[in-house]
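So the protein sequences, as listed, match chains S and C. Residues in the first sequence are numbered from 1 upward in steps of one, following our numbering. Residues in the second sequence are numbered from 1001 upward in steps of one, following our numbering. What follows is a single structure, written as structure tokens, with notes after it.
Protein chains: 2
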Amino acid sequence: MTTAKRSPDRPDRLVLIGDTAIRLLVERGMRGLTHRAVDEAAGLPAGSTSYYARTRVALLEVALARMTVLEAGEFAPALAAGDLPPALPGDVEGVADMAATIVSEAIREGRAQKIARYELALEATRRPELRGMYDGAGVAFREAAVAMVAALGSPEPARHGRFLVAWCEGVMFDAIAGAGWATPPSRADIRTGIAELLTGMLGDTARRPRPKSPNE
Amino acid sequence: MTTAKRSPDRPDRLVLIGDTAIRLLVERGMRGLTHRAVDEAAGLPAGSTSYYARTRVALLEVALARMTVLEAGEFAPALAAGDLPPALPGDVEGVADMAATIVSEAIREGRAQKIARYELALEATRRPELRGMYDGAGVAFREAAVAMVAALGSPEPARHGRFLVAWCEGVMFDAIAGAGWATPPSRADIRTGIAELLTGMLGDTARRPRPKSPNE
DNA sequence: GCCGATTCTCTACGGCTGTAGTGGATCGAA
DNA sequence: TTCGATCCACTACAGCCGTAGAGAATCGGC
């Protein structure tokens, strides 16, 4: 009942502040994100951001909360459509194809959002208040990965899901903020890479109990 | 001849400033790295950092240069000892073992340094001056990875080397700054994961030319 | 022992930062 | 319509920031 009533036509100020904070984080980094800069960039009256987010950590929380919503919105269609987990025990290619789409788009259209996310991840390293919010944000995505590798027949879905996500994160970081920024991998390369990773995970223990060398 | 002569006993001020800047980057983030903070944290007379690094970007360059030296020092023993590339065409386990050691140590003892590196990578996103220096820093490491997978028999060493490094980076980021910070993977898990990735890479194209589905 | 050049210390300055408080505008209930 | 409460715009303030320059200290050649 404290913040329940708002006129529905006005795009909630906190959303605007959150979006602008994310934009500043991307364009100017953590040093460029200030209360006054948000006011200016968002075209808000001076002091507005300082009112809605009284302290700096509150401002970071607004940005992180907004980013959580944005990221959830990205995966919502795929998750809601029941596409994952694909549930076909051997469909490595299908999973690789879908994951490659996500990663490839994250590198290109989603580049800015990823930079903001990295910035907040680093900040969460030093601010316990942000840690919980950050960790909670990607939990649905990570659980989907675990469910997916489990459906593929992984004998260790927890570890395999975690490493699958880590592979994707590493490719994204390299392409967005790392040395690979100038030559981001093609969607096809990513797809092949994920397929190789999955094949290695499933082939070693699931399909072949132990014999390490191929049969010929 | 401009900066050639220095009394050899004094630990070069720039090294001390660089080390301290890295420490501040880890402990307080980009907003905590300031000329005055370095002076104070390093016990230098007020204004020293501002003299050695006249501008802010100069200070970041000092930190990045120092980090490049530190990281080179870590891999120097292994590289100098001729351990890599191991050069045995099928020695997946050996390579996985060595890489797992590097990653596992980076997560634990090297955690702080990695945080500083991420911080600078993000900054390089916005500062072209830092970009070249950052990209050049890890080039030896990445080339070693390419040489290694080539020695293992990879038909696409460039792509495979890149993705191997990306996998490692992803695992490290997750364990250091991501949601996996509370439960970092064990060295054994990392070793297994790398072995799976390499098996998938080499098995799919090298050992079997084309037939995509298993033969049964 | 002297002196010019280099190396360093210290201080100044305009500008930006986080945060809090004050007073006016707006809204819903009576 | 009146009035209390909420929402918001604006201002104040103490402190820290990057950067530049003036002068002291130190060093090496003579």
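From the three backbone atoms N, C-alpha and C, an ideal C-beta is built for every residue, glycine too.
Please say whether Val171(S) and Gly161(S) have beta carbons closer to each other than 8 Å?
Translated into positions along the first sequence, residue 161(S) becomes position 161. Translated into positions along the first sequence, residue 171(S) becomes position 171. For Gly161(S) and Val171(S), no; Cβs fall outside 8 Å.
CB-CB length for Ala177(S) against Tyr118(S), believed under 8 Å:
For the purposes of this step, residue 177(S) is identified with residue 177 of the first sequence, where counting begins at 1. For the purposes of this step, residue 118(S) is identified with residue 118 of the first sequence, where counting begins at 1. Between Tyr118(S) and Ala177(S) the Cβ distance is about 6 Å, and since that is below 8 Å, they are a contact.
Give the C-beta separation of Ala1179(C) and Gly138(S) to the nearest angstrom, bearing in mind that I take them to be a contact with Cβ-Cβ under 8 Å.
Within the second sequence, numbered from 1, the residue matching residue 1179(C) stands at position 179. Within the first sequence, numbered from 1, the residue matching residue 138(S) stands at position 138. The distance from the Cβ of Ala1179(C) to that of Gly138(S) is about 6 Å, consistent with a contact at the 8 Å cut-off.
8 Å Cβ cutoff met for Leu1024(C) and Ala1037(C):
Working through the second sequence from its first residue, we reach residue 1024(C) at position 24. Working through the second sequence from its first residue, we reach residue 1037(C) at position 37. It is a contact, given that the beta carbons lie within the stated cut-off.
Is there a Cβ from chain C that is less than 8 Å from the Cβ of Thr125(S)?
Along the first sequence, one-based indexing puts residue 125(S) at 125. Yes, Thr125(S) counts as interfacial toward chain C.
So, using beta-carbon positions, are Ala1124(C) and Val1026(C) closer together than 8 Å?
Counting from one through the second sequence, the residue named residue 1124(C) turns up at place 124. Counting from one through the second sequence, the residue named residue 1026(C) turns up at place 26. No, the pair does not count as a contact, with Cβ atoms beyond the cut-off.
Give the range of the alpha helix (DSSP H) segment to which Glu1123(C) is assigned.
Walking along the second sequence from the start, residue 1123(C) turns up at place 123. Segment 1111 to 1124, the alpha helix (DSSP H) holding Glu1123(C).
Give a yes or no on whether the minimum CB-CB distance between Tyr1134(C) and chain S is below 8 Å.
What you label residue 1134(C) is simply residue 134 of the second sequence in a count that begins at 1. Yes, Tyr1134(C) lies at the interface with chain S (some Cβ there is under 8 Å from its Cβ).
Residue nearest to Leu60(S) in terms of C-alpha spacing, selected from Gly73(S), Asp189(S), Arg31(S), Ala72(S)
As a position in the first sequence, residue 60(S) is number 60, starting the count at 1. For the residues Gly73(S), Asp189(S), Arg31(S), Ala72(S), the minimum Cα distance to Leu60(S) belongs to Arg31(S).
Quick test of your reading: Ala1175(C) and Pro1184(C), contact by CB under 8 Å. State the CB separation rounded to the nearest angstrom.
Taking the first residue of the second sequence as 1, we reach residue 1175(C) at position 175. Taking the first residue of the second sequence as 1, we reach residue 1184(C) at position 184. Ala1175(C) to Pro1184(C), Cβ: 4 Å. Contact.
Would you say Asp204(S) faces chain C, with C-beta separation under 8 Å as the test?
Residue numbering aside, residue 204(S) sits at position 204 when the first sequence is read from its first letter. Per-residue confidence for Asp204(S) stands at a pLDDT of 45, beneath the threshold of 50, marking its modelled position as unreliable; the derived number appears in the next sentence. So yes, Asp204(S) belongs to the interface.
Three-state secondary structure (DSSP) at Leu16(S)?
Position 16 of the first sequence, counting from 1, holds the residue named residue 16(S). Looking at Leu16(S) - three-state DSSP - the assignment turns out to be helix.
Please tell me whether Ala31(S) has its Cβ less than 8 Å away from any Cβ of chain C.
For the purposes of this step, residue 31(S) is taken as the residue at position 31 of the first sequence. Checking the sequence, you will find Arg at residue 31(S) rather than Ala. Taking Cβ atoms only, chain C reaches closer than 8 Å to Arg31(S), which makes this a yes.
Please check the pair Asp1019(C) and Arg1054(C), which I expect to be a contact at CB under 8 Å, by giving their CB distance rounded to whole angstroms.
What you label residue 1019(C) is simply residue 19 of the second sequence in a count that begins at 1. What you label residue 1054(C) is simply residue 54 of the second sequence in a count that begins at 1. The C-beta distance from Asp1019(C) to Arg1054(C) rounds to 19 Å, too long to fall under 8 Å, and the pair is not in contact.
Relative to chain S, which residues along the region 1155 to 1166 of chain C have a C-beta separation below 9 Å, given in chain order?
Glu1156, Arg1159, His1160, Arg1162, Phe1163, Val1165, Ala1166
Buried versus exposed call for Ser104(S) [16 or more other C-beta atoms within 10 Å across all chains shown]:
Translated into positions along the first sequence, residue 104(S) becomes position 104. Label assigned to Ser104(S): buried.
Please list, in chain order, all residues of the same chain as Gly108(S) whose beta carbon is under 8 Å from its beta carbon, the five residues on each side excluded.
Here residue 108(S) is taken as the residue at index 108 of the first sequence, counted from 1. Contrary to the premise, residue 108(S) reads as Arg rather than Gly in this sequence. These residues qualify, in order along the chain: Pro184.
Quick check: what's the CA-CA separation for Arg159(S) versus Ala145(S)?
Counting from 1 along the first sequence, the entry for residue 159(S) is found at position 159. Counting from 1 along the first sequence, the entry for residue 145(S) is found at position 145. Going from the Cα of Arg159(S) to the Cα of Ala145(S) covers about 10 Å.
So what's Met98(S) in DSSP terms, helix, strand or just coil?
By one-based count along the first sequence, residue 98(S) stands at place 98. Reduced to three states, the DSSP call for Met98(S) is helix.
Using 8 Å as the threshold, is the C-beta distance between Leu120(S) and Ala63(S) below it?
Along the first sequence, read from residue 1 onward, the residue named residue 120(S) stands at position 120. Along the first sequence, read from residue 1 onward, the residue named residue 63(S) stands at position 63. Yes; because the gap between Cβ atoms is below 8 Å, this pair is in contact.
Find the residues of chain C that neighbour Phe173(S), judging by a C-beta separation of less than 9 Å, and give them in chain order.
For the purposes of this step, residue 173(S) is identified with residue 173 of the first sequence, where counting begins at 1. Neighbours of Phe173(S) on chain C, chain order: Tyr1118, Ala1121, Ala1166, Glu1169, Gly1170, Phe1173.
What are the residues in the region 1094 to 1114 of chain C lying within 7 Å of chain S by C-beta distance?
none
Out of curiosity, what's the CA-to-CA distance linking Pro1287(C) and Gly1136(C)?
Because residue 1287(C) is not part of the residues shown, which for chain C are 1001 to 1216, the question remains open.
Please report how far the alpha carbon of Lys1212(C) lies from the alpha carbon of Gly90(S), in whole angstroms.
What you label residue 1212(C) is simply residue 212 of the second sequence in a count that begins at 1. What you label residue 90(S) is simply residue 90 of the first sequence in a count that begins at 1. Confidence at Lys1212(C) is low in this model, with a pLDDT of 38, below 50, so the placement of that residue should be treated as unreliable; the coordinate-derived value is given next. Their backbone Cα atoms lie some 12 Å apart in a straight line.
Let me check understanding here. Comparing Cα to Cα, which of Gly1200(C), Ser1048(C), Arg1056(C), Val1095(C) lies closest to Ala1147(C)?
Mapped onto the second sequence, residue 1147(C) falls at position 147. Of Gly1200(C), Ser1048(C), Arg1056(C), Val1095(C), the residue nearest in Cα terms is Val1095(C).
Is there at least one Cβ from chain C nearer than 8 Å to Asp189(S)'s Cβ?
In the first sequence, counting from the first residue as 1, residue 189(S) sits at position 189. By this cut-off, Asp189(S) is an interface position.
Coarse secondary structure for Leu1044(C), derived from DSSP in three states
What you label residue 1044(C) is simply residue 44 of the second sequence in a count that begins at 1. Looking at Leu1044(C) - three-state DSSP - the assignment turns out to be coil, as it is neither helix nor strand.
Whose CA, out of Leu1070(C), Ile1102(C), Arg1131(C), Tyr1051(C), lies closest to the CA of Ala1188(C)?
As a first step, residue 1188(C) must be located in the second sequence, where it is residue number 188. Out of Leu1070(C), Ile1102(C), Arg1131(C), Tyr1051(C), Ile1102(C) has the C-alpha closest to the C-alpha of Ala1188(C).
So with CB distances below 7 Å, who are the chain S contacts of Gly1138(C)?
As a first step, residue 1138(C) must be located in the second sequence, where it is residue number 138. The contacting residues are Ala179.
Tell me whether Ala1053(C) sits in a helix, a strand or coil according to DSSP, three-state version.
Within the second sequence, the letter at position 53 stands for residue 1053(C). If DSSP states are grouped into helix, strand and coil, Ala1053(C) belongs with coil.
Whole angstroms is fine: what's the gap from Met201(S)'s alpha carbon to Leu1197(C)'s?
As a first step, residue 201(S) must be located in the first sequence, where it is residue number 201. As a first step, residue 1197(C) must be located in the second sequence, where it is residue number 197. When rounded, the distance between both Cα atoms is 7 Å.
So Gly1203(C) and Gly203(S) are supposed to be a Cβ contact under 8 Å. How far apart are they, rounded?
In the second sequence, counting from the first residue as 1, residue 1203(C) sits at position 203. In the first sequence, counting from the first residue as 1, residue 203(S) sits at position 203. Right, their Cβ atoms sit about 7 Å apart.
Spell out whether any CB of chain S is found under 8 Å from the CB atom of Met1201(C).
Your numbering for residue 1201(C) matches position 201 in the second sequence. Judged by the 8 Å Cβ criterion, Met1201(C) is in contact with chain S.
Buried or exposed: where does Val57(S) fall if 16 or more other Cβ atoms within 10 Å of its Cβ makes it buried?
As a first step, residue 57(S) must be located in the first sequence, where it is residue number 57. It is exposed - the Cβ of Val57(S) has fewer than 16 other Cβ atoms within 10 Å.
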